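Going by the working numbering, the sequence shown opens with residue 67, and the numbers climb by one from there.
Where is the CB? At the ideal position from N, CA and C, for every residue including glycine.
Keep in mind it's a predicted model, so treat the numbers as computed, not measured.
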Amino acid sequence: MSKYMIDHGKYVIHRTRFVTDQCAHKQIIIEDQQFLVSAAEYEGLIALGYNLCIHCH
Ligand SMILES: [Zn+2]
Numbered sequence: 067m068s069k070y071m072i073d074h075g076k077y078v079i080h081r082t083r084f085v086t087d088q089c090a091h092k093q094i095i096i097e098d099q100q101f102l103v104s105a106a107e108y109e110g111l112i113a114l115g116y117n118l119c120i121h122c123h
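Here is the structure:
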């Protein structure tokens, strides 16, 4: 399972391994960050309407 970095401010899911500068991940506030590894959590966020980042997916 990949690791993901979740931007809860913008509702975007980044793939930690493939994050680029274009992801503007350094602008994600710490409070809005969450790292997750479980497929269930990932599916849950998708179901909530989170978007996959186009730069690292
Ligand atoms: Zn990204």
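Just reading off the alpha helix (DSSP H) that Ile79 is part of, what are its end residues?
DSSP places Ile79 in no alpha helix (DSSP H) but in the uninterrupted beta strand (DSSP E) bounded by Val78 to Arg81.
State the start and end residues of the unbroken beta strand (DSSP E) segment that holds Tyr70.
Its beta strand (DSSP E) spans residues Tyr70 to Asp73.
Quick check: the Cα distance between Ile94 and Asp73, rounded to an integer number of angstroms?
For Ile94 and Asp73, the distance between alpha carbons rounds to 6 Å.
Between Thr82 and Tyr70, which are expected to be in contact by the criterion C-beta below 8 Å, what is the C-beta distance as a whole number of angstroms?
Between Thr82 and Tyr70 a beta carbon distance of about 6 Å is seen, short of the 8 Å cut, so the two are scored as contacting.
How would you call Leu111, buried or exposed, if buried means at least 16 neighbouring beta carbons within 10 angstroms?
In summary, Leu111 is buried, with 16 or more beta-carbon neighbours lying within 10 Å of its beta-carbon over all protein chains present.
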